[in-house]
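To convert a position in the sequence shown, counted from 1, into my numbering, add 322.
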Amino acid sequence: FLAHFPNNSELGMSFIPAARVVCSGYWISFPFLGDADLVAATRDRKLSTFIQVSVVHPAEHISTRYSSTEIVEGTKDPLFLTGVTFPPEYPIYEETKIKLTVYDVKDKSQDTVSALLQSFFLGCATFRVGDLVKSKEQQLTLTLRTSDGGKTVGTIEVNLMKMGELDEGETDHITADAQDQKCALVRECTATEGISGKDNLPSLNAVLRNPVCKLYRFPTSDNKWMRIREQMAETTLSFHVPKELINLHIKEDMRRNQELKDLGELAPHWDNMRKSVIAHCDQMLSLYQDTLAELGKHTGSSFKSSCSKGEKTLEFIPINLHLQRMHVHSPRLKDALYDVITVGAPAAHFQGFKNGGLRKLLSKFEAERRNTGYQCIYYSPENTAKAKEVLSNISHLQPLISSHADLLLSSASQRSPDSLKNSLKMLSEKTELFVHTFKDQLVRSALLALYTARPGCVLKKPAVPRNSAEEGADAQHQDHPAHIKRQDSIPHHSEYDEEEWDRVWANVAKSLNCLVAMVDRLLEKDNISNIKEGENEPSAEDCKFSTLEQMTCCVLGDWYEQLYPLVVTLKDCMAEVVTRAKQSMAFVLLQELACGLPQCLMLTLRRDIVFSQALAGLVCGFVIKLHTGLHDQGFLQQLHTVGLLVQYEGLLSTYSEEAGMLEDMAVGISDLQKVMFRVIEAKSEDFLPIISGRREHYIIEVQLPAKMFELLPQEIKEGKLLRMYPVLFNVGINEQQTLAERFGDTTLQENINQENLELLKEYYKLFTEKMPPDCLPHFQEQNDLKGLLESLHQNIQAKKRKNVEIMWLAATICRKLNGVRFTCCKSAKDRTSMSVTLEQCSILRDEHQLHKDFFIRALDCMRSRQTQGALTESDDPETGCLTDNKPTSRHFYPVALLLVSSHLLVVWLILSLALLLAKYQ
């Protein structure tokens, strides 16, 4: 059990009734061991006992059932491995009493409520919290008595110690002596900062909420004790990230709608198409705005339960997003943290899966777009993405160039050579990027397509070569860009010169070249003047030449006046390019939208929903990983040199609706490749991440306090973007997957696993090329890592039914490569919890020497709902979806019985098909 106690309050001097035991940061647990005096209610049956924990508050005399241990079978000397947790906000006082009641259970498979109803009372004991804290050696031995207080039936010993308190020389062996087997009380820090210290608290508390802890004490193979704290926490990012993302979508869509309106005059066919597209886009924009408004009203829980996965207003929110952390303290090994992010599969549940998921829908939509006929112009997805990138670059670079040009003029007015050089350097870099953006053939072809959409267009390509006079004029214009003849906007009723665009965007580069030449000339004259000032007293003849030079300098003396016309010309040329490029790219987007109304917008919405759920989990995983790895220089070097591996473990079947969920999930996780992170120093107490960008490229800025920010490598502190490498491996494990493997199709799962195996190999190759061999703690196992990859490849190729070895291999590779682990099923409950607990116990066995005889018991402890306390809505966030006395596993379908008879199975399949058809008619 756990209680929240101070590390500095003077408990021994305070006996005031109902005085709160105040402090922050410590937990206390009370594992129990009954002695040999426990007596079974039925002499021909061995005891199967558990302890019910109840709390009696000082102001009340009624005990409140709080939690319980696991059930220990077949012994009168039970060893309970599970502690019970009181959260920090729970009202614990010195006078608070803890009542421990021991029961003998007839049926272990029942949950807590059913177990109490079908169990025999053996005895109970009560102690005051203050007595435990003030006791000598912080230990209590309690006597179990019958309900009337008469007969003694056993004893319970409660001890208090810190997490990791035992030193190398202390004896903590598990022996046959019952006295030595007693489980100790564990006292440790409750904060979610892990190993790296309390400096992490402010920033982690900003993203984590409502931690729930369980403590265990398991024996090792060398008869020592290891202590495990299992912690689950909600995250505020479940709502924060989707709201930020929807806000960005709204701004992006508003810009797009305005760009469509700014296309100018179009022929009737294209104008009607534009009006239709804008009308549909406005409807979709209203939907995003309504969703954001509803999310702004949300109060209460910081996560979305599985009951709400079909709610329209919450469709952007991930399902059951939680951090699952296991903190292990072993006697002779270094403390270790193992984190897994658990979340429901990112999918558009409200929209449904009648026609499949995103993977199928996008493929079908693209095939239909190719056959749109004369109504619109077909642009490939690559060209459409390129158009959006050009528009984004314009929005990003144009204000930067204008700003650097103004700084250049400011430096010129101050006559500061160094500042002038720096401003010119920045201006040149941004302008060169600007010019490079428009070298793509797409802009030229889109301009021509837009011209043909104008009323009364006439095409003409010049056939007469240009004469020398024209070439000379061009040369003169190049030397004096202030006199460059600006072209009118795209003509409506005149001949269209297809080469005109090349001249327009080339004028930007020419203007920059003239600006650079003028700055060089000014700086050269300034250097000459400085040199002459440093020479000896000039002669009379020198003075004559000096006077002439001063007159020349007067012409070039005012740097601002010399540079101002060139800067104006540069801005004018840039504005000309921006106007034409924006209109041409907007016309490309018009074709994309017009070719698939309204399916195009609905697919965009579905993709946004799935991506929002996936991104919330990714941001949570990155933040947690960054905090736990702040003192690991190898990991930090890997982070900015290679990037972060993000491995998703999917447990969805390829049957019925879950196949559609898997298709959604595969696309959503793949889209995370367009996300990059930047770590910045927090300027306030608000540590929530900042999101910027557009649908094709997002940047997440993670804020750290100053002390933590200083621990980062210089590359990260300077703002280097950090890449993500998401991979997904899926293995269906439920009874629906049995049907898919016997009567359906598993190609989807096989293709996803094969595609992501190649991505994982690419990351490993990049990792080995860029990282030194001795950089990471696990890298001495490089050969083992190669073997794991090869084994994963063989298991994927084997196409074995329900091959869970794929999951174990992928998870192991991820941990060895310092990756972030995700486990997902439909709702992140049953299958996810089974997978996570199995993984945790396997890690304890393989990495921390868990005793082989206690593997199953450890697994039962972690999976037992009894250790989670009474089934109340306040304790179990998912209780609203369950009914009382419902078993832990809810997968008791008739399939297992029907498989006995193939005839019954066929009948069942026919009836199920009929019900499905009736449902969707």
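Every residue gets a Cβ at the ideal spot worked out from N, C-alpha and C, and that includes glycine.
Based on DSSP bridge pairs, tell me the residues matched to residue i.
i, result
"Lys536", "Glu552"
"Tyr1086", "Tyr1086 is not bridged to any residue."
"His1019", "Arg1016"
"Trp547", "Pro541"
"Phe372", "Tyr425"
"Val394", "Thr371"
"Arg450", "Lys419"
Within its chain, find whatever has a CB closer than 6 Å to the CB of residue i; leave out the 5 residues flanking it on each side and keep chain order.
i, result
"Leu1231", "none"
"Leu1172", "Phe540, Leu1166"
"Cys1183", "Glu392, Leu403, Thr404, Tyr538"
"Gly679", "Gly982, Glu985, Asp986"
"Thr706", "Glu914"
"Phe1009", "Ser525, Ala528, Gln1025"
Going by the beta-carbon positions, is the gap between residue i and residue j smaller than 8 Å?
i, j, result
"Ser1157", "Leu973", "yes"
"Pro564", "Ile663", "no"
"Leu559", "Val941", "yes"
"Val650", "Met548", "yes"
"Trp827", "Val900", "no"
"Lys421", "Val475", "no"
"Leu645", "Val665", "no"
"Lys1252", "Glu1018", "Outside the displayed range of the chain (323 to 1243) lies residue 1252, so it cannot be described from this structure."
"Leu994", "Ile1021", "no"
"Cys1163", "Ala1180", "yes"
"Arg1153", "Asn1073", "no"
"Thr477", "Leu466", "yes"
"Ile320", "Met606", "Any answer about residue 320 is impossible in this case: the structure gives the chain only from 323 up to 1243."
"Trp881", "Arg737", "yes"
"Lys428", "Arg450", "no"
"Gln955", "Asn1140", "no"
Where does residue i sit, in a helix, a strand or coil, going by DSSP?
i, result
"Cys917", "coil"
"Pro380", "coil"
"Lys421", "strand"
"Pro590", "helix"
"Pro887", "helix"
"Gly445", "strand"
"Thr558", "coil"
"Arg531", "strand"
"Asp842", "helix"
"Arg387", "strand"
"Ala775", "coil"
"Leu952", "coil"
"Leu585", "coil"
"Asp894", "helix"
"Arg681", "helix"
"Pro564", "helix"
"Gly471", "coil"
"Lys761", "coil"
"Ile414", "coil"
"Ser1211", "Note that Ser1211 scores a pLDDT of 37, beneath 50, so its modelled location is shaky; the value from the coordinates is reported in the next line. In this structure, Ser1211 counts as coil in the three-state DSSP scheme."
"Gly1066", "coil"
"Glu1080", "helix"
If you drop the 5 nearest sequence neighbours on each side, which residues of the same chain put their C-beta closer than 7 Å to that of residue i?
i, result
"Arg928", "Ala670, Gln673, Leu680"
"Ile931", "Glu637, Phe638, Ala670"
"Leu834", "Ser750, Thr753, Leu892"
"Asn1125", "Val1053, Asn1117"
Among the residues of its own chain, which have a CB less than 8 Å from the CB of residue i, if the five just before and after it don't count?
i, result
"Phe1144", "Val662, Ile663, Thr664, Val665, Gly939, Gly943, Val968, Gln969, Tyr970, Glu971"
"Met840", "Gln884, Leu885, Leu888"
"Tyr977", "Gly1054, Gln1058, Gln1059, Leu1061, Ala1062, Gly1066"
Taking 7 Å as the cut-off, is the C-beta of residue i nearer than that to any heavy atom in the ligand MG?
i, result
"Pro1094", "For the ligand MG, the structure offers nothing, since it holds no ligand at all."
>> Which complete beta strand (DSSP E) runs does the segment 990 to 1057 hold, if anything under 3 residues is left out?
In response: 997 to 1003, 1012 to 1016, 1019 to 1026, 1044 to 1052
> Residue ranges of each alpha helix (DSSP H) run of no fewer than 4 residues wholly in the segment 1089 to 1173, ordered along the chain?
Replying inline: 1104 to 1120, 1127 to 1138, 1152 to 1170
>> Quick check on the DSSP output: what are the complete beta strand (DSSP E) runs of length 3 or more inside the segment 960 to 992, in order along the chain?
In response: Segments of the beta strand (DSSP E) lying fully in the segment 960 to 992: 966 to 972.
> Whole beta strand (DSSP E) runs in the segment 610 to 675 with 3 or more residues, listed along the chain?
Replying inline: 644 to 651, 658 to 666
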